[in-house]
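Colleague: Can you keep this structure in mind? I'll have questions shortly.
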Amino acid sequence: MIQRLSKEKINYLAKIVTNYLLNDNNVDLLEETSEIKHRIAKIIEDVLADFEKVSQSAIKKIESQKKPIVEGSREWEILYRKYYNEELSKLPKIWD
1 MIQRLSKEKI NYLAKIVTNY LLNDNNVDLL EETSEIKHRI AKIIEDVLAD FEKVSQSAIK
61 KIESQKKPIV EGSREWEILY RKYYNEELSK LPKIWD
């Protein structure tokens with residue numbers, strides 16, 4: 001259910017965020033640009049991995065139903081969203 005991002009796309013996003021921070025007068029960067037970009041890429045990878053785990057947990061809950069539910073059906077989609085949001089709420093909040 002979760003679309004994966006290639007390493008190139010993750011690095012591209014990290015570059016955009018790094019450039020944004022470099023151009024923000026309210027931010028003082030204390031590390032080299034390459035180190036910051038690397039750390040941002042790692043954070044993106046970690047967040048995406050968490051979302052993948054949440055998705056897999058939601059799918060496992062659907063598969064554990066007594067009644068078989070066809071993937072892609074309306075019922076499956078509703079349950080997926082419900083279980084996904086339940087699992088997502090268990091993750092630590094890093095922003096509000």
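Residues 1 to 96 (the numbering used here) are what the sequence shown spells out, left to right. Every residue gets a Cβ at the ideal spot worked out from N, C-alpha and C, and that includes glycine.
#1: Hey, how far is the Cα of Tyr-80 from the Cα of Ile-40?
#2: Alpha carbon to alpha carbon, how far is Lys-109 from Asp-24?
#3: What ranges does the alpha helix (DSSP H) occupy inside the region 31-85, keeping only unbroken runs of at least 4 residues that lie completely in it?
#4: Would you call the region 35-54 in contact with the region 4-19, where contact means no fewer than 3 C-beta pairs closer than 8 Å?
#5: Would you check if the region 44-52 and the region 69-78 touch, i.e. whether three or more CB-CB distances between them fall below 8 Å?
Modeller: With the given structure in hand:
#1: 29 Å
#2: Residue 109 lies beyond the range of the chain shown here (1 to 96); nothing can be said about it.
#3: 33-63
#4: Because the criterion of three Cβ pairs below 8 Å is met, the region 35-54 and the region 4-19 touch.
#5: Short answer: they don't touch.
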